[in-house]
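This report refers to the structure that appears directly beneath it.
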Amino acid sequence: MSSSKLLSWYDINAREMPWRIPPHESKSGKKPDPYKIWLSEIMLQQTTVATVKSYFIKFITLWPTIFDLAKANDNDVMAAWAGLGYYARARNLLKCSRIIVTDFEGVFPTSLKELQMLPGVGPYTSAAIAAIAFNLSETVMDGNVERVMARIYAIKKPLPSSKPELYEGAKKITPKQRPGDFAQAVMDLGSTVCLPRNPKCHICPWETNCLANQNDIAEKLPIKLKKPPKPMRYGIIYVVNREDGAWLLERRETKGLLGGMLGWPTSEWSEKATEDAPITTKWVTSTQSVHHIFTHFKLNLIVKIACSPTHVKPKSNKFNFQSDFVISDLPKLMQKVFAVALIEIKKNPALKKAGQ
DNA sequence: CACACGTGGGA
DNA sequence: TTCCCAAGTGT
Numbered sequence: 549m550s551s552s553k554l555l556s557w558y559d560i561n562a563r564e565m566p567w568r569i570p571p572h573e574s575k576s577g578k579k580p581d582p583y584k585i586w587l588s589e590i591m592l593q594q595t596t597v598a599t600v601k602s603y604f605i606k607f608i609t610l611w612p613t614i615f616d617l618a619k620a621n622d623n624d625v626m627a628a629w630a631g632l633g634y635y636a637r638a639r640n641l642l643k644c645s646r647i648i649v650t651d652f653e654g655v656f657p658t659s660l661k662e663l664q665m666l667p668g669v670g671p672y673t674s675a676a677i678a679a680i681a682f683n684l685s686e687t688v689m690d691g692n693v694e695r696v697m698a699r700i701y702a703i704k705k706p707l708p709s710s711k712p713e714l715y716e717g718a719k720k721i722t723p724k725q726r727p728g729d730f731a732q733a734v735m736d737l738g739s740t741v742c743l744p745r746n747p748k749c750h751i752c753p754w755e756t757n758c759l760a761n762q763n764d765i766a767e768k769l770p771i772k773l774k775k776p777p778k779p780m781r782y783g784i785i786y787v788v789n790r791e792d793g794a795w796l797l798e799r800r801e802t803k804g805l806l807g808g809m810l811g812w813p814t815s816e817w818s819e820k821a822t823e824d825a826p827i828t829t830k831w832v833t834s835t836q837s838v839h840h841i842f843t844h845f846k847l848n849l850i851v852k853i854a855c856s857p858t859h860v861k862p863k864s865n866k867f868n869f870q871s872d873f874v875i876s877d878l879p880k881l882m883q884k885v886f887a888v889a890l891i892e893i894k895k896n897p898a899l900k901k902a903g904q
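Heads up: take any position in the first sequence, counting from 1, add 548, and you land on the numbering used here.
What follows is the structure, given as structure tokens:
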């Protein structure tokens, strides 16, 4: 297995990404901005390149350097992250930027050990930053690399127990020359050629070296255990529009699901939907409910809508009327709820006031 | 180690 | 519809 074969492939086939130094510039010594590599790698955790691109450009435009990000308003950063998911990443992004500015004078450390002490930076991201931003010969292991290694070495032991073996395989072929390009090349290969289903072995630079391809079992690898079904949860969510046009929202608790994000007041989400209205009023129940799929459960929410007079005070001070928000500041689930509420408001004259 | 943690796209 | 997958980390 030769890394040079893959690097030659990468020289021609590298995907374009806003944070990436293309191979011809990389070879002539152009260095990436560690801030951009770090930011992109955090965004790319469990998230596709296609999805990340526009968010990356937005962040770089709003906060061009780590110093800008470190002094940003927390709610502005959470709003900019809205829709991207896994919101702990955004909270850790802020924490990390402030550590880098206050403890490291704005300069990222280069060792895996120091990088892994940063919030949101684990085994994968530390190696990716070291390899891509600093061109150090570190071995990156993500889902792509796992799949490629399982195939070229024909490792039949199922994931996740095979991870150490897969890592050793990757480490063995990590080159001293161009380790950053190599890391990105394996991931490009995994995302465009060595696909989970229907791998394109006939155009793969490692076609003749790959043990799985030689045995015609590439598509069967890596072997993964089946995932248990997602349980269903139910709840009631409340959309209140005040006569002056403001909407009733809450800033969700910092920890847990959608932590730190804006959202509509909601009951708990459990086996059974239970009322927990934020104000006492006459509610209109939407004909449509909202269905949403999270990583570990499915959710069905009944949407209740009300129009309230301006003097109404919510039952809890965690709820606030806000007129200065845009719907894109909210997580996708909350955007879906709002869309359903608007349909109901449009249909129902009793909910229409204040020029809505 | 198992589980919590979002969302969108493809087959 | 349903399932899998995507440049994982924190607890």
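Glycine included, C-beta positions come from ideal geometry on N, C-alpha and C. The structure presented is a predicted model; accordingly, all values stated were derived computationally and were not measured.
Rounded straight-line distance, which links the Cα of residue j to that of residue i
i	j	result
glycine 670	lysine 861	44 Å
valine 851	aspartate 624	27 Å
aspartate 764	valine 838	44 Å
tryptophan 817	methionine 780	9 Å
tryptophan 754	leucine 743	14 Å
serine 550	proline 777	41 Å
leucine 554	tyrosine 583	27 Å
glutamine 904	proline 897	With a pLDDT of 45 at glutamine 904, under the threshold of 50, the modelled position of that residue is not reliable, and the figure given next carries that caveat. Their backbone Cα atoms lie some 10 Å apart in a straight line.
glycine 668	serine 864	33 Å
methionine 735	serine 710	19 Å
cysteine 758	alanine 636	38 Å
glycine 633	asparagine 561	29 Å
serine 556	phenylalanine 604	28 Å
glutamate 716	threonine 596	26 Å
alanine 733	lysine 619	35 Å
aspartate 616	leucine 797	28 Å
alanine 676	valine 688	6 Å
glutamine 494	lysine 704	Here the chain covers residues 549 to 904 and nothing more, so residue 494 does not appear.
isoleucine 700	glutamine 762	9 Å
serine 574	lysine 895	58 Å
proline 571	isoleucine 751	20 Å
alanine 902	tyrosine 558	Note that alanine 902 has pLDDT 44, beneath the 50 cutoff, so the model's placement of it is unreliable and no number is given.
alanine 731	proline 712	18 Å
leucine 849	cysteine 749	45 Å
aspartate 622	alanine 766	46 Å
methionine 626	serine 602	15 Å
serine 552	lysine 643	39 Å
tyrosine 672	serine 815	37 Å
Within 8 Å, strictly: CB atoms of residue i and residue j
i	j	result
alanine 678	threonine 650	no
proline 770	leucine 707	yes
alanine 702	leucine 714	no
tryptophan 795	glutamine 870	yes
proline 580	alanine 681	yes
arginine 639	threonine 802	yes
phenylalanine 652	tryptophan 586	no
proline 813	phenylalanine 873	no
valine 788	glutamine 836	no
valine 600	leucine 610	no
isoleucine 893	leucine 899	yes
glycine 654	isoleucine 648	yes
isoleucine 614	serine 588	no
threonine 829	alanine 854	yes
proline 727	glutamate 686	yes
alanine 630	lysine 606	no
leucine 806	histidine 840	no
valine 693	alanine 718	yes
alanine 760	tyrosine 786	no
Of the listed residues the options, nearest to residue i (C-alpha basis)
i	options	result
aspartate 690	Lys774, Tyr701, Ser674, Ala681	Ser674
glutamate 564	Ser876, Ala630, Asp729	Asp729
isoleucine 784	Ser552, Ile585, Arg568, Val885	Val885
tryptophan 831	Lys584, Phe842, Ser856, Trp812	Ser856
leucine 660	Ile605, Asn683, Ile891	Asn683
arginine 498	Asp877, Arg790, Lys768	The first residue shown for the chain is 549 and the last is 904, placing residue 498 beyond what the model contains.
tyrosine 782	Asn621, Thr822, Ala760, Arg799	Thr822
lysine 820	Lys846, Pro612, Ala733	Lys846
arginine 799	Gly793, Asp792, Gly808, Glu791	Gly808
alanine 598	Ile841, Tyr672, Pro612, Ser739	Ser739
glycine 577	Gln594, Gln725, Lys720, Ile721	Gln725
threonine 858	His844, Asp792, Gly804, Ser876	Asp792
lysine 775	Ile608, Pro612, His844	His844
Assumed close pair residue i, residue j - CB separation to whole angstroms, cut-off 8 Å
i	j	result
leucine 641	isoleucine 590	6 Å
leucine 773	leucine 878	Not really, about 35 Å apart at Cβ, beyond 8 Å.
**Report entry** Residue ranges of each beta strand (DSSP E) within the region 857-894, 3 or longer
**Finding:** 867-870
Report task. Please go through the region 682-724 and give each complete alpha helix (DSSP H) segment of 4 or more residues, from N-terminal end onward. Result -> 691-700, 711-721
Report task. Could you pull out every unbroken beta strand (DSSP E) segment of at least 3 residues lying fully inside the region 793-823, listed in chain order? Result -> 795-799
Report task. Can you check the region 602-638 for any alpha helix (DSSP H) of at least 4 residues that lies completely inside it and give the ranges in chain order? Result -> 614-618, 622-629
**Report entry** Segments assigned alpha helix (DSSP H), at least 4 residues, entirely inside the region 754-800
**Finding:** 759-762
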